[in-house]
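K.L.:
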Amino acid sequence: MADHIRNAVQALIPGDGMRRPSASQLHEADVHASLAKAVNLGRIADALEALAANTVPAATIRAAIHHSA
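In this note's numbering, the protein residues as written are 210 to 278.
1. Exposed or buried, His-236, counting other C-beta atoms within 10 Å across all chains shown (16 or more means buried)?
2. Mapping DSSP to helix, strand and coil, what is Ala-262?
3. Considering only residues of the same chain and omitting the five flanking positions on each side of Asp-212, which have a CB-CB separation below 7 Å?
4. Which of helix, strand or coil does DSSP assign to Ile-253?
5. So Arg-229 and Pro-223 are supposed to be a Cβ contact under 8 Å. How far apart are they, rounded?
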């Protein structure tokens, strides 16, 4: 997930001589942000499923909540 966030931020850095990110840079940043969101949602879903099954350690829940912030 951290890679996707880093890539999204990097995509928004304007290229040489540009004052604003291009449309393709904005699209790339959006794709990476969506991937990071999907990873977080997957982690939260996994933690909730395990919690529902009453098999999840408290550390796992804290980690999922921490990573989603």
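Yeah, the Cβ is synthetic: ideal placement off N, Cα and C, and Gly gets one too.
On a predicted model such as this, the values are computed, not experimentally measured, just so you know.
P.N.:
Inspection of the coordinates gives the following:
1. His-236 is exposed by the Cβ-count criterion.
2. coil
3. none
4. helix
5. 6 Å
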